[in-house]
Amino acid sequence: MRLCFQITSFLLAVNFYSRPVRAQDPSCCHHAAEFSPCREACDQLTTIKSESRLKHLLQRLPGYCSESMNELWMCINSTLPGVSRKSEGWVGLGCCELAITTECRKECKQASSKNDITKVCKKTTENSLYSCITKNEMGSTCCSYAGRHTTCREYCQAIFRTDSTPTVSQISAVKDYCQTHSAQLIHCVNNFTKSYPIHSPVDSLYCCDRAATHCQMACRQILRTMSTEHEIMEGLIKECGSQPLPQEPMWQCFLSSVQTPSITPEDNLPAKMDCAKLHCCSKANTSLCRDMCLEISSNWGSQTWQDFDQLCEYNPVETELINCLADVREPCQLGCKDLTYCTNFNNRPTELFRSCNIQSDQGAMNDIKLWSNGTIKMPFMNIPVLDIRKCQPHMWKAVACSLQIKPCHSRSRGSVICKSDCVDILTQCGDTKRFHEGQTPERICELLSPIDDPEHCIPLYKYLTPSSLGTNTVEEVIHPCNPNPCPSNHICQVNRKGCLDELNCQPYLCVPGCKMGEASEFLVQQDARIQVPTRTDPTVCFEVCSCGPSGRLENCVEMPCMDTSKPCIVGGQRKSHGTSFKTDCHNCYCFAGETVCSTKECLSSGYTDDSHRHFTGLPCSCQDRFVPVCASNGRTYPSACVARCMGFKDSQFVFGPCHLSKPCASKPCQRNQRCIPKYRVCLSDVSDCPQYECIGHAATCDKNSEDPACDTEGMDHRSLCHLHQAGKTLAYMGRCQEACRKPKQVCGHNGETYNTVCGAYSDRVAVDYEAPCRAVGAVSDVAPDSACSLVSCPSLSTPGCHPVTPPGACCPICASILQILWSKERMNTFSKLNKKQPVTVHDVLQILRPHISVPQCDVFGYLSIDHLLVVIIAPVDQQPTPLQIEACSKEAEKIDSLINYASPTLVSHVPLSAFLTTEIKTSSIRSSGSTPSSPLTPALCFLLGLLVTPAPVL
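With mature numbering (1 follows the signal peptide of the UniProt record, and there is no 0) as the guide, the letters of the sequence shown map in order to residues -23 to -1, 1 to 931.
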C-alpha cells in the first residue's frame, strides 16, 4: 500500500486581491456601462478618502463588475497601487499553531498581515503555515461573495475549513445553494477545488496520536516539515522503528486518511449530515418544516436549505425552530469590536451578538449598496424603496448592520428588528408607487418583524449612536475567543489554568474537537460524550457517542427511546412534553409523560400566623438545627430530618460532614494500587458513589501535562500524576497560593468546611463565610433567617450591588444564580451507558464551564439540600467593577436561555441534556458608572486560573 501525500498548493481566483491599489482614477469607470451597478460602485471609489473604506469597497467590487471585464480590471490594476485589497483582519491567525518554530508561532500571532511574518517564518521550512494562510485567504475571498445569505456562506466556509479534501457532497451543496446568489462565489470555489490536492500531510496529524509514545513527537515533526511521500515514509520508518503494516494503529490511520472522508454505519458513526441541527427539527410546529429539516439534516437529497428558508424562515409559527437553527449556525456570544463599517456596534462587551465579524461588517456595507438600487430582495418578496442614500440613511445602516451582526437578546435569541421600527422606516422610505396590490408597511412588517417587545427584538435606536463605553472601560471585560483564533477543527476555550511557559501564554486554549456530522461546523470537545438524535416524532430516540481522537463521533450506544406524545395530567389538566409550569411554589416540567417537580417546602396561601412561625423553609419544615449528616450520595445535609425528607434511609447516612470521613481507612483498593480520597456528590444512584479513587503506581507521567496541583506541604507539582508519584497528598488543584499556605477555615455553599479558600475553589464551590460551617440558610424566599443569625457575613464585593443569596446559604453575594431542575432518570441512564460510572456535580460544572466565554467570570455550584442543581456565575475579582458584574449576569442569562430552550449548543452534551428547566436570579448595580478594577488577591488569582501571571490580552 502507498501513502498519497502531496504538497498543498492553492491558486487565488484572480490576481486582483494580491495587487496594491490607490485612489481610483475615474477614467477607468467608463469601461462599465452607464447606470449599471458596476459603474455606480466604480464611481464611488473617487469619493472615498478613508483607506479602510476604500479597501472594503475594492474587496466587494468583483460582486458588481464581472471578472470578464478585462479592460476595466487592467485599468484598475495599473492605476491603483498602494493599498492591499485583502479583507481587513489577519486571516492567518488560526494557522499560527501549525508553525514549527516558537519564534514563527509568536510572530504569526502578533502579525496583522502575511507580510509581517516573512522575515521570521521562512517559506522553505514553514510549508504548512503558508499553505493554511493561502487557503484561508482564498476562503475569505470566495465566501465574502455570499453577502448576507448565511447558509450559502456556511456551506462555502465548510469547503475551506475542512481538514481534508472537500467531499463531492460538500461541493455539490455549494453549487446547489449558492448558484442563485452569486456566480462569482461558484467560480471562485471551482478554482479552489480544481487545484485542491488529494491530501496534505498536516491533515493526518491526528494519526500521530495513535503512534507509540516514543514516536508521537517525531511523527508530528515529520508531517510538518516533509512534503513528499518518500521522505515521510522513510522518516516514519526510521524514527518509529516500524514498517507500514495495516494492523499497526498509526499506519492504519494513515492508510485510511488518504481516502475521501465519509460517514458510514460501518464506522459506528451516526449517518447524519448535521446532528446539531437534527436536534432542532423536533421543535418544528408544522409537519412541512419538520420533514424538510429532518431530510436536509440527515442526508443530501433534492431538498436544500434554500427551499427551507423560503417556506419556513419567516413563518411566524416556526420561531422556536428558526432560533434553534440559529444557535447551531451562529451561537450568541458576548462582545463586539473592531468593525470598520458598523462602528456603532463596537465597544459593547456585555451585549450578545451572533455574527460580529469582518465578513458581516462587509456584508452590511454590501447590503446598503444593493438596497441603493431601489429594491430589497427577500426570499419570498421584493420590497421597493426610495433612495436610501437620502431617506433615513442612518436608519438603513442600522438595519443592515443589525441584520448582519445580529444582536440577540438572551431570553429570545431572535434577530429581527422591532415592528415599530420596521413600519416607521418603510412608511417614510418605502416606494409606495411600486408596492404590489395589498402591500402596506404594516403588512410587510407583520411578516418580517411581527414582534415589538424590545426584549425579543432589536430596537434600532441602540445602534444609531456609538456605545457610551470607552476603550479603557471595555478592557475590564475581554473575549479571548471572539473572534475565534483557533484552527477549524479546534474549539476555543478561555485559559483558566495559566501556562508553564510565561512568555508564550495566551488567554485562550485551542482544544481538539469533533464535527457533529459531515456537513456540520458545530464542534464538540475531544472525549466529550454527545447525545445524538436518531429518530423523532412521536417516539424520540437518541444514541450517546464520544468524540474520538480521529476528530469524529464514535463508539455510539443506543439509549432507551421515549414517547414525547404522552401528556402529563396535573390537576385534571393536560401538559404536553417540554412544558414548564408551577404547582403551588414548585417548578415543574413535563418530560415524556412524567411530571418532574422541585421538592422545596411551600407555605400554603391559607397559612396562619402560627404556621408561618413554624415554617423554616427547610424540607419537611425540619428545624433549623445544624447537626450535619453525610448521605450515600456524598452530600452533607444539615440534619437527619432533612436527609430522611430527601428520601434517604437511616442506613444510608452517617453523622458528621462528608469531608471529615476517611474513605481510605477501610483499604478498599488492591495491593498494587494507592487509595486517594476523592470527595464527590453524585446525581445518579444506579451505582455506588465512592469517595475515593484507586490509582496505579505510574512509572511515568505525561511530560506535556499542564494541570498543576498543590500538595499539603505547599509544594507545586506539574500534574496530579506527578504529585502522586512524589508520594505527596493533594491539598487542591492549581498552583499553590500564598494566601492558602496557612489553614483558614471557610464554609462552602455546599455545607462543607474547607481548610482554605483554595480547597473550596478547587471543588468548584464558592465560599459562604469564613469559619467552620455552623448553620444552613433557608431554601425558601419567605423563610425566616434565624438560622444564620450567628454567622458573620463578609461585606459585599462592590458598593451599590443588589445581591442575591444562594439557596441554603447565609450570606448574599454579587453574582448570578441558576437553580436547575433536572431528571434523575436521565442521569441514571447516562451512568448505565458509561459502565455505571456515577454522574457527579463536579462533572456537570466542568462541562458547563467552557460555555462561559469571559475570563472575568467563572462557574461554581452545588446540589442544594432540596436537590436542585445550583450554578453560580460569579466575578473572579475581589472588587469587581459594575461592568464585570453585568458581564457575569449576561453569561448567566445566556446559559439560562440555552437550558430553557433546550438549545443543541448545550443539551447535546451528556449529562447537560438531563437539564429540564431553570430559574435565574442576577445581581445588579445601582450606579451605571464603572470603577477601576482592583488588583486580585493571590487566592482570587487562583480562582481566575492564571497560575503564573495574567495572560496577555490580545
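For glycine and all other residues, C-beta sits at the position ideal for the given N, C-alpha and C.
7 Å Cβ cutoff met for ILE829 and VAL821: If you number the sequence shown from 1, residue 829 lands on position 852. If you number the sequence shown from 1, residue 821 lands on position 844. Not a contact, by the Cβ cut-off of 7 Å.
Residue of ASN167, ARG325, ASP408, SER874 minimising C-alpha distance to ASP304: What you label residue 304 is simply residue 327 of the sequence shown in a count that begins at 1. The option with the nearest alpha carbon to ASP304 is SER874.
Nearest residue (CA-CA) to VAL658, options THR895, HIS819, LYS100, PHE625: Stepping through the sequence shown from its first residue, residue 658 is reached at position 681. With distances taken between Cα atoms, VAL658 lies closest to HIS819.
Extent of the continuous beta strand (DSSP E) to which GLY838 belongs: Taking the sequence shown and counting its residues from 1, one reaches residue 838 at position 861. Boundaries of the beta strand (DSSP E) harbouring GLY838: 834 to 840, taken from the DSSP string.
Distance CB(LEU795)-CB(VAL831) smaller than 7 Å: As a position in the sequence shown, residue 795 is number 818, starting the count at 1. As a position in the sequence shown, residue 831 is number 854, starting the count at 1. No; because the gap between Cβ atoms is not below 7 Å, this pair is not in contact.
Segment contact, 8 Å Cβ cut-off, at least three pairs: the stretch 717 to 728 with the stretch 745 to 764: By the Cβ rule, the stretch 717 to 728 counts as touching the stretch 745 to 764, because three or more pairs are nearer than 8 Å.
Three CB pairs or more closer than 8 Å across the stretch 516 to 534 and the stretch 894 to 903: Fewer than three Cβ pairs drawn from the stretch 516 to 534 and the stretch 894 to 903 lie within less than 8 Å of each other, which leaves the two stretches out of contact.
Meets three-Cβ-pair contact criterion under 8 Å: the stretch 424 to 437 and the stretch 452 to 468: At 8 Å Cβ cutoff, the stretches do not touch.
CYS865 vs ILE850 beta-carbon contact at 7 Å: Residue numbering aside, residue 865 sits at position 888 when the sequence shown is read from its first letter. Residue numbering aside, residue 850 sits at position 873 when the sequence shown is read from its first letter. Between CYS865 and ILE850, the C-beta spacing is below 7 Å.
Limits of the alpha helix (DSSP H) - the one that GLN650 falls within: The sequence position of residue 650 within the sequence shown is 673, counting from 1. Run containing GLN650: none in the alpha helix (DSSP H); it sits in the beta strand (DSSP E), 650 to 654.
The beta strand (DSSP E) enclosing ASN359, as first and last residue numbers: Position 382 of the sequence shown, counted from the start, is the residue given in the question as residue 359. Secondary structure note for ASN359: its beta strand (DSSP E) is the uninterrupted segment 359 to 361.
SER523 - containing beta strand (DSSP E), residue span: Translated into positions along the sequence shown, residue 523 becomes position 546. Residue range 516 to 524 is occupied by the beta strand (DSSP E) that includes SER523.
Identity of the residue in LEU265, VAL619, CYS567 nearest MET539 by Cα: Numbered from its first residue, the sequence shown carries residue 539 at position 562. Comparing Cα-Cα distances from MET539 to each of LEU265, VAL619, CYS567, the minimum goes to CYS567.
Cβ contact check for the stretch 114 to 130 and the stretch 147 to 156: 3 or more pairs under 8 Å: In this structure the stretch 114 to 130 touches the stretch 147 to 156; the number of beta carbon pairs closer than 8 Å is three or more.
contact_flag[the stretch 528 to 546, the stretch 489 to 503] where n(CB pairs < 8 Å) is 3 or more: With the cut-off at 8 Å, the stretch 528 to 546 and the stretch 489 to 503 touch.
Residue interval of the beta strand (DSSP E) (run including ARG506): In the sequence shown, residue 506 corresponds to position 529, counting from 1. Here the beta strand (DSSP E) through ARG506 covers 506 to 512.
Coil, strand or helix - ALA916 by DSSP: As a first step, residue 916 must be located in the sequence shown, where it is residue number 939. Because the pLDDT of ALA916 is 33, which lies under 50, any placement of that residue in the model is unreliable, and the number read from its coordinates should be weighed accordingly. ALA916 falls in the helix class under three-state DSSP.
Exposure label - LEU162; buried when at least 16 CB within 10 Å: Sequence index remark: in the sequence shown, residue 162 carries index 185 (1-based). Result: buried.
Nearest-angstrom Cα separation, counted from LEU660 out to ALA608: The residue labelled residue 608 in the question sits at position 631 within the sequence shown. The residue labelled residue 660 in the question sits at position 683 within the sequence shown. A straight-line Cα-Cα distance of about 12 Å links ALA608 and LEU660.
GLU868 versus LEU311: straight-line alpha-carbon distance, rounded: Working through the sequence shown from its first residue, we reach residue 868 at position 891. Working through the sequence shown from its first residue, we reach residue 311 at position 334. C-alpha separation (whole angstroms): 8 Å.
Alpha-carbon to alpha-carbon, PRO615 and GLY633: By one-based count along the sequence shown, residue 633 stands at place 656. By one-based count along the sequence shown, residue 615 stands at place 638. A direct Cα-to-Cα measurement between GLY633 and PRO615 gives close to 9 Å.
C-beta atoms of LEU846 and ILE797 nearer than 7 Å: The residue given as residue 846 occupies position 869 in the sequence shown. The residue given as residue 797 occupies position 820 in the sequence shown. Yes, the pair counts as a contact, with Cβ atoms nearer than the cut-off.
Inter-residue spacing [alpha-carbon to alpha-carbon] between ILE214 and ARG201: Mapped onto the sequence shown, residue 214 falls at position 237. Mapped onto the sequence shown, residue 201 falls at position 224. Rounded to whole angstroms, ILE214 and ARG201 show a C-alpha spacing of 16 Å.
Element boundaries [alpha helix (DSSP H), containing LEU446]: To locate residue 446, count along the sequence shown from 1; it is residue 469. For LEU446, there is no enclosing alpha helix (DSSP H), as DSSP marks it with neither H nor E.
Rounded separation between LEU924 and THR613 - CA only: Residue mapping note: residue 924 aligns to position 947 of the sequence shown, counting from 1. Residue mapping note: residue 613 aligns to position 636 of the sequence shown, counting from 1. With a pLDDT of 30 at LEU924, under the threshold of 50, the modelled position of this residue cannot be trusted, and the question is left open.
Whole-angstrom C-beta distance between PRO443 and PHE412, which should lie under 8 Å: To locate residue 412, count along the sequence shown from 1; it is residue 435. To locate residue 443, count along the sequence shown from 1; it is residue 466. Going by Cβ atoms, the distance from PHE412 to PRO443 rounds to 35 Å, so no, they are not a contact pair.
Alpha-carbon to alpha-carbon, THR352 and ILE382: Position 405 of the sequence shown holds residue 382. Position 375 of the sequence shown holds residue 352. Distance between the alpha carbons of ILE382 and THR352 is about 21 Å.
CYS646 and CYS678 closer than 7 Å at C-beta: As a first step, residue 646 is located in the sequence shown; it is residue number 669 there, counting from the start. As a first step, residue 678 is located in the sequence shown; it is residue number 701 there, counting from the start. Taking the C-beta atoms as reference points, CYS678 is found no nearer than 7 Å to CYS646.
Cβ-based burial, LEU265 [other Cβ within 10 Å; buried from 16]: Numbered from 1 along the sequence shown, position 288 holds the residue referred to as residue 265. That one is exposed.
Sub-7 Å separation of VAL816 and PHE603 beta-carbons: Start at 1 with the first residue of the sequence shown, and residue 816 comes out as number 839. Start at 1 with the first residue of the sequence shown, and residue 603 comes out as number 626. No, the Cβ-Cβ distance between VAL816 and PHE603 is not below 7 Å.
Residue from HIS674, MET710, GLY711 with nearest C-alpha to GLN702: As a working mapping, residue 702 is identified with position 725 in the sequence shown. When only C-alpha atoms are compared, the closest one is HIS674.
Alpha-carbon to alpha-carbon, ILE790 and PRO859: By one-based count along the sequence shown, residue 859 stands at place 882. By one-based count along the sequence shown, residue 790 stands at place 813. In this structure, the straight-line span from the alpha carbon of PRO859 to that of ILE790 is close to 14 Å.
For VAL534, the first and last residue of its enclosing beta strand (DSSP E): By 1-based counting over the sequence shown, the position of residue 534 is 557. Residues 530 to 535.
Residues that PRO852 bridges to, as DSSP identifies them: Working through the sequence shown from its first residue, we reach residue 852 at position 875. In the DSSP assignment, PRO852 is bridged to CYS834.
Distance CB(CYS406)-CB(LEU363) smaller than 7 Å: As a working note, residue 406 is residue 429 in the sequence shown. As a working note, residue 363 is residue 386 in the sequence shown. In contact: CYS406 and LEU363 (Cβ atoms closer than 7 Å).
Classification of CYS597 by the beta-carbon crowding that lies within 10 angstroms, buried from 16 upward: Here the question's residue 597 lines up with position 620 in the sequence shown. Within 10 angstroms of the beta-carbon of CYS597 lie fewer than 16 other beta-carbons, which makes it exposed.
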